[in-house]
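Residue numbers (the working numbering): 94 to 154. Just so you know, even glycine gets a beta-carbon here, dropped at the ideal spot from N, CA and C. To keep things clear, I will list the structure first and then write my remarks on it.
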Amino acid sequence: MQDLFTALALILVIEGALYALFPEGMKRVITVALDIPAVTLRRAGLVSAMVGVVLVWLLRG
């Protein structure tokens, strides 16, 4: 359970750092994302999640 909370904390650190360091860039990313069809975002999210699962599986054995 500690690993899960550590992973969530790291997500917050990375995302917070991006908004703190590149606020205008993040605004542009959000604007671009609004123009992408939902199905494309869903597929990208699924691929990203699958890659993440494989990476965790490989790293944690």
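Specify, as a first and last residue, the run of the alpha helix (DSSP H) that residue i falls within.
i, result
"Val123", "One point to set straight first is that residue 123 is Ile, not Val, in the sequence displayed. Looking at the DSSP string, the run of the alpha helix (DSSP H) that includes Ile123 is 116–127."
"Met143", "131–153"
Here's a check: name, in chain order, each residue in its chain whose Cβ is nearer than 7 Å to the Cβ of residue i, leaving out the five neighbours to either side.
i, result
"Asp96", "none"
Give a single yes or no on whether residue i has its beta carbon closer than 7 Å to a heavy atom of the ligand NAP.
i, result
"Ala113", "No copy of the ligand NAP occurs in the structure displayed, which carries no ligand at all."
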